[in-house]
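Trainee:
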Amino acid sequence: MGNGISSSSCFSGCARRPRLRRRHVAAAVTSEPFDEGLGHSFCYVSSSKLEEELNNTNNSNLYSISGASVSANPSTALSTSLDPYSSYSSAAAAFDSSTSFSSVPLRRVGGGGGGNERGFLSGPIERGFLSGPLDDHRSLFSGPLDGSGGLTGRLRRSLSHSLFRSRNKGGSDDNHSSGSIGLEPAEEQWAQGKAGEDRVHVVVSEENDSVFVGIYDGFNGPDATDFLLSNLYASVRKELEAVRSQGQGQKSHLHVLKALSRALRRTEEDYFEVADKMSAENPELALMGSCVLVMLMKGEDVYLMSVGDSRAVLARTARRRHRGGRETSDELVKNLAALQLTLEHSTSVKEEVLRIRNEHPDDGSAIANDRVKGSLKVTRAFGAGFLKQPKWNNALLEMFRIDYVGTSPYITCNPYLYHHTLGPRDRFLILSSDGLYQYFNNDEAVAEVELFIATTPEGDPAQHLVEEVLFRAAKKAGMDFHELLEIPQGDRRRYHDDVSVIVISLEGRIWRSCV
């Protein structure tokens, strides 16, 4: 979960103009997954956005999505890979999607040699728009296969077939959602990627005006993150369908947030049940865990769930203040302000440290060396059973065990939950693993995207942020960009972390290069 850049030419990837369609067909066909050891860049532009550009209309509900990931850690084989048909990629980074996402592997342009000209082209290539049945036997990310449909079978990737019911177009307030929250069959587009120990999952349903984003930042191995990638979205869908089926009418935002929390809890329970069956042969499963960041956007409603230190940051137009100090609603300045929508769970947060120490008054080393039991920086995480139950700690080889005092968990998977109603001041969302914030704070990240969009409207803001992390990492280490990227994965982790970034434009105009 990461660290360190100079100036030089960077990544290639030219955005091409996709073929325009009146509507996306059910694009269940997967494009060929591609292998890229460094990382990848991708984008999604709503078909309504394409129609707007074609017809010169203006729809305020449009959005576009750009994403990029870069790996610092090497690929590690799954401990639980029992599927003889899996095509698990040994590359440190890989990407797969339905055909309405445009994507390209990150490749360096030019070589070292200094100079201040970066000279990179930005933007995913066209993948085309196709439709057809989903090939259920291909899987970029492997996992156990159980023909009987048991728990181990759930480690295989769950590809989505439906999302939320069509939203009620009538407005919303702080207490109730803008429409019924449930599931009906709908056209969906999806994307999944890995970069080192990071995993990213995006599902878009234009028909239901819904977007799901999951960013899973793993540690100590890939099994926990791949389990999340395979199962959490399906669990979210199931819980939201249960909410809808339990009654008529509108559901409160609290119901939705509780459904997200239940989905995470049950996914972790399933993970531990699978791991328990395999712990004798694979004790390292007790070490593996992941941070979790989930965003569910339904119309103007944004629901967030986070565990660990990944972040969701909203960029919004700042209000101008009069001398009296009161805000005005009609006078807006150009510069954007950053609003962090999630809370961090790490030993950098005083309240989290106090909570753990209070829960373990008999253990003076509950927090040691600024880590939980001297092992983990985050104070909440999915998995990591060795910090949750003595039996998981005891399952480890002695050299990996902690001194577990008592029976209370040192860390939990209790998420931070938040609802936000989008307004006219909101411009874009930055969702990312913590690798981004090793070299940016919230205000800097928002300002970087704002400036990039203004000066390079055809560019890729998510890829730009990833590149900036690498440039800053190289500069801090006293080397140039290309020298940094020549360092093998694993060794490069000393300078920067795996970084996964998704930028969602709430104005639908970031990705003009794709239209």
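Heads up: the sequence shown at position 498 corresponds to 498 in full-length UniProt numbering, and the numbers run straight through without jumps.
Don't be surprised by glycine CBs; every beta carbon is placed ideally from N, CA and C.
Given the structure is predicted, the values throughout are model-derived calculations rather than measurements.
(1) Quickly, what does DSSP pair residue 518 with across the bridge? List them, please.
(2) My parser needs the alpha helix (DSSP H) runs of 4 or more residues fully inside the stretch 215-249; what are they?
(3) Determine the closest residue to Ser230 out of Ser252, Val372, Glu268, with distance taken between C-alpha atoms.
(4) Kindly indicate the opening and closing residues of the beta strand (DSSP E) around Gln192.
(5) Closest by CA to Ser64, which one among Glu207, Leu285, Val211?
(6) Would you say Gln189 and Tyr44 are within 8 Å of each other, going by their C-beta atoms?
(7) So, helix, strand or coil for Ile504, using DSSP?
(8) Assess, as a yes-or-no matter, whether the stretch 356-365 is touched by the stretch 404-415 under the definition of 3 or more beta carbon pairs within less than 8 Å.
(9) My understanding is that Phe386 touches Ala286, with C-beta atoms under 8 Å, so please give their C-beta distance in whole angstroms.
(10) Would DSSP call Gly423 helix, strand or coil?
(11) With contact counted as at least three CB pairs below 8 Å, one residue from each stretch, are the stretch 475-488 and the stretch 368-388 in contact?
(12) For Val503, which option in Ile453, Trp392, Ala395 has the closest C-alpha, if you only look at C-alpha atoms?
(13) For Ser245 and Ser97, what's the separation of their Cα atoms in angstroms?
(14) Expressed to the nearest angstrom, what Euclidean distance is found between the alpha-carbon atoms of Arg199 and Gly423?
(15) Hey, out of Arg425, Pro222, Ala275, Ala94, whose CA is closest to Arg319's CA?
(16) Measuring only the C-alpha atoms, how far is Gly299 from Val204?
(17) Along the alpha helix (DSSP H) that carries His253, what are the first and last residues, could you check?
(18) Roughly how many whole angstroms lie between the Cα atoms of Ser505 and Ile487?
(19) Between the C-alpha atoms of Tyr271 and Lys238, what's the straight-line distance to the nearest angstrom?
(20) Is Leu341 closer than 8 Å to Leu314 when the C-beta atoms are compared?
(21) Give the DSSP bridge partners of Val499, in chain order.
(22) Do Tyr410 and Ser290 count as a contact pair if the criterion is CB distance below 8 Å?
(23) Taking buried to mean at least 16 other C-beta atoms within 10 Å of its own C-beta, is Arg509 buried or exposed?
(24) So, with DSSP's three-state summary, where would you put Thr412?
(25) Please classify Leu293 as buried or exposed, where buried requires at least 16 other C-beta atoms within 10 Å of its C-beta.
(26) Assuming Tyr439 contacts Val469 under a Cβ cut-off of 8 Å, what Cβ separation, rounded to an integer in Å, is found between them?
(27) So for Tyr44, helix, strand or coil by DSSP?
(28) On a CA-only basis, which of His40, Leu78, Thr76 is nearest Leu106? Give me that one, please.
(29) Are Ser310 and Asp498 closer than 8 Å when you measure CB to CB?
(30) Ile430 to Lys391, Cα distance in whole Å?
(31) Roughly how many whole angstroms lie between the Cα atoms of Ala338 and Asp370?
(32) Nearest-angstrom Cα distance between Val213 and Val202?
(33) Please report how far the alpha carbon of Val501 lies from the alpha carbon of Val449, in whole angstroms.
(34) Quick check on Glu507: buried or exposed, where buried means 16 or more other Cβ atoms within 10 Å of its Cβ?
(35) Note the first and the last residue of the continuous beta strand (DSSP E) segment covering His345.
Mentor: This is what the structure holds:
(1) Beyond the ends of the chain as shown, which are 1 and 515, falls residue 518; an answer cannot be given.
(2) 223-245
(3) Numbered from its first residue, the sequence shown carries residue 230 at position 230. Comparing Cα positions, the closest option is Glu268.
(4) Locating residue 192 in the sequence shown gives position 192, counting from the first residue. Start and end: 189-195.
(5) Mapped onto the sequence shown, residue 64 falls at position 64. With distances taken between Cα atoms, Ser64 lies closest to Val211.
(6) Numbered from 1 along the sequence shown, position 189 holds the residue referred to as residue 189. Numbered from 1 along the sequence shown, position 44 holds the residue referred to as residue 44. Yes, the Cβ-Cβ distance between Gln189 and Tyr44 is below 8 Å.
(7) Along the sequence shown, read from residue 1 onward, the residue named residue 504 stands at position 504. Ile504 falls in the strand class under three-state DSSP.
(8) yes
(9) Numbered from 1 along the sequence shown, position 386 holds the residue referred to as residue 386. Numbered from 1 along the sequence shown, position 286 holds the residue referred to as residue 286. Sure, about 4 Å apart at Cβ, within 8 Å.
(10) By 1-based counting over the sequence shown, the position of residue 423 is 423. Gly423: coil per DSSP, three-state reduction.
(11) no
(12) Residue mapping note: residue 503 aligns to position 503 of the sequence shown, counting from 1. Comparing Cα positions, the closest option is Ile453.
(13) For the purposes of this step, residue 245 is taken as residue 245 along the sequence shown, with counting starting at 1. For the purposes of this step, residue 97 is taken as residue 97 along the sequence shown, with counting starting at 1. Rounded to the nearest angstrom, the two C-alpha atoms are 31 Å apart.
(14) The count along the sequence shown starts at 1 and reaches residue 199 at position 199. The count along the sequence shown starts at 1 and reaches residue 423 at position 423. Roughly 30 Å between the two C-alpha positions.
(15) Here residue 319 corresponds to residue number 319 of the sequence shown, with the count starting at 1. When each option's Cα is compared against that of Arg319, the closest is Arg425.
(16) By one-based count along the sequence shown, residue 299 stands at place 299. By one-based count along the sequence shown, residue 204 stands at place 204. Whole-angstrom Cα-Cα distance: 12 Å.
(17) Translated into positions along the sequence shown, residue 253 becomes position 253. Counting along the chain, the alpha helix (DSSP H) containing His253 begins and ends at 253-278.
(18) Position 505 of the sequence shown, counted from the start, is the residue given in the question as residue 505. Position 487 of the sequence shown, counted from the start, is the residue given in the question as residue 487. Their backbone Cα atoms lie some 34 Å apart in a straight line.
(19) Along the sequence shown, one-based indexing puts residue 271 at 271. Along the sequence shown, one-based indexing puts residue 238 at 238. About 17 Å.
(20) Here the question's residue 314 lines up with position 314 in the sequence shown. Here the question's residue 341 lines up with position 341 in the sequence shown. For Leu314 and Leu341, yes; Cβs fall inside 8 Å.
(21) On the sequence shown, residue 499 is found 499 positions in, with the first residue counted as 1. Note: Val499 sits in a beta bridge opposite Val70.
(22) Position 290 of the sequence shown, counted from the first residue, corresponds to residue 290. Position 410 of the sequence shown, counted from the first residue, corresponds to residue 410. Cβ atoms of Ser290 and Tyr410: not closer than 8 Å.
(23) Stepping through the sequence shown from its first residue, residue 509 is reached at position 509. Any reading at Arg509 needs caution, since the residue's pLDDT is 41, under 50, leaving its predicted position unreliable; the model's value is listed next. Answer is buried; the Cβ neighbour count reaches 16.
(24) The count along the sequence shown starts at 1 and reaches residue 412 at position 412. If DSSP states are grouped into helix, strand and coil, Thr412 belongs with the strands.
(25) If you number the sequence shown from 1, residue 293 lands on position 293. Answer is buried; the Cβ neighbour count reaches 16.
(26) As a position in the sequence shown, residue 439 is number 439, starting the count at 1. As a position in the sequence shown, residue 469 is number 469, starting the count at 1. The Cβ separation is near 5 Å, so the contact holds.
(27) Within the sequence shown, the letter at position 44 stands for residue 44. Tyr44: strand per DSSP, three-state reduction.
(28) For this step, residue 106 is matched to residue 106 along the sequence shown. Nearest C-alpha to Leu106: His40.
(29) Here residue 310 corresponds to residue number 310 of the sequence shown, with the count starting at 1. Here residue 498 corresponds to residue number 498 of the sequence shown, with the count starting at 1. Not a contact, by the Cβ cut-off of 8 Å.
(30) Against the sequence shown, residue 430 aligns to sequence position 430. Against the sequence shown, residue 391 aligns to sequence position 391. Each residue's alpha carbon lies about 38 Å from the other.
(31) Position 338 of the sequence shown holds residue 338. Position 370 of the sequence shown holds residue 370. The straight-line gap from Cα to Cα measures roughly 28 Å.
(32) As a first step, residue 213 is located in the sequence shown; it is residue number 213 there, counting from the start. As a first step, residue 202 is located in the sequence shown; it is residue number 202 there, counting from the start. About 5 Å.
(33) Reading the sequence shown from its first residue, position 501 is the one you call residue 501. Reading the sequence shown from its first residue, position 449 is the one you call residue 449. Straight-line Cα distance between these residues: approximately 12 Å.
(34) In the sequence shown, counting from the first residue as 1, residue 507 sits at position 507. The residue in question, Glu507, is exposed, as its Cβ has fewer than 16 Cβ neighbours within 10 Å.
(35) Taking the first residue of the sequence shown as position 1, residue 345 is located at position 345. His345 -> no beta strand (DSSP E), and no H or E assigned at all.
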